[in-house]
Amino acid sequence: VPDKVAPAEVAVAQLKAEPPMPAVAQAGVTWDQLRQAWELERKPARKTIIEAKSSIDLFTSQVDKPVDQLVKRDFTSFKTWLLAQPGRGGGTLSAASATKRLNLLKTILAIAADNDVIPANPAAGVGVKGGKDSDRQPFSKADLDILFTPQNLPEAQTDRLLMLIGLYAGARLNEICQLKGTEIVKEDGIWCFSVDDQGDDQSVKNAGSRRLVPLHAVLIEAGIVELAAQRGSRQLFEDLQWTETQGWSK
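Using this note's numbering, you'd call the opening residue of the sequence shown number 12 and step up by one each time.
In structure tokens form, the structure reads like this:
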């Protein structure tokens, strides 16, 4: 006959044997609340916030369920629907575009799960095969030699300077296009342009993107310093248009 076991020891053994009860999602939590928490924690650029709102709107147009009732199948169904939508230039939405929308939703939900607002991320593990690949191919050195041969550069000053800055500064397109004349500055005797988001119509990808970028001699020879002096506090490239979704990208 086995020895008697104290009730407390039995309780401890049961606790060790049984998995803990899962956390419960906060009833009534909304996508808007989750998005605001994501914005507060990640400090995304304006364009990314707009894309997140758009992705949430698309998802909720197809899945009419409270956040606390979402399951993985909802996101796999949404993925299937996304991939069947029209894409740019004909055909259907690319894997990369679908992945971008899914990743925004997954990131928002991951932050909610990390903060115990929901017990787990229901979109975790949902992806698109080939979503990290891009149809864009890098330019070869021979391509660049042809593109940047002086006689092949555009005659329009904005187009010519944008190409040269892209080549010699390695900056993002919107970072270049949003420059103001006063953001061409001289620091310790070196001409630079300042990448920042101080203006209402300016944005950077993240906090680490704020920086000074030295101007290559080719850019100085191309007249960017003189152009900046003419523009003053106005846009460096005045013929570009700003949009809420694309910023100053040409």
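Each residue gets a CB set at the ideal place from its N, CA and C atoms; glycine is no exception.
| query | Quick one, which of F204, T169, E186, D207 has its alpha-carbon nearest E249's? | reply | T169
| What is the rounded straight-line gap between the Cα of V139 and the Cα of T91? | 9 angstroms
| query | Taking Cβ positions, are I187 and L230 nearer each other than 8 angstroms? | reply | no
| Exposure label - S244; buried when at least 16 CB within 10 Å | exposed
| request: Determine, using beta carbons only, whether I129 and W49 come nearer to each other than 8 angstroms. | output: no
| Coarse secondary structure for L247, derived from DSSP in three states | coil
| field | Straight-line gap, L81 to G136 (C-alpha atoms, nearest Å) | value | 14 angstroms
| Whole-angstrom distance between L104 and Q96, CA atom to CA atom | 6 angstroms
| message | Output needed for G100: all residues of its chain with C-beta closer than 6 angstroms, excluding positions within five of it in sequence on either side, in chain order. | response | none
| Pairwise C-alpha distance: D75 and R242 | 51 angstroms
| query | Straight-line CA distance for V23 to A106? | reply | For V23, the pLDDT reaches just 44, beneath the cut-off of 50, and the residue's location in the model is therefore unreliable, leaving the point undetermined.
| Quick one: is P133 buried, meaning 16 or more other Cβ sit within 10 Å of its Cβ, or exposed? | buried
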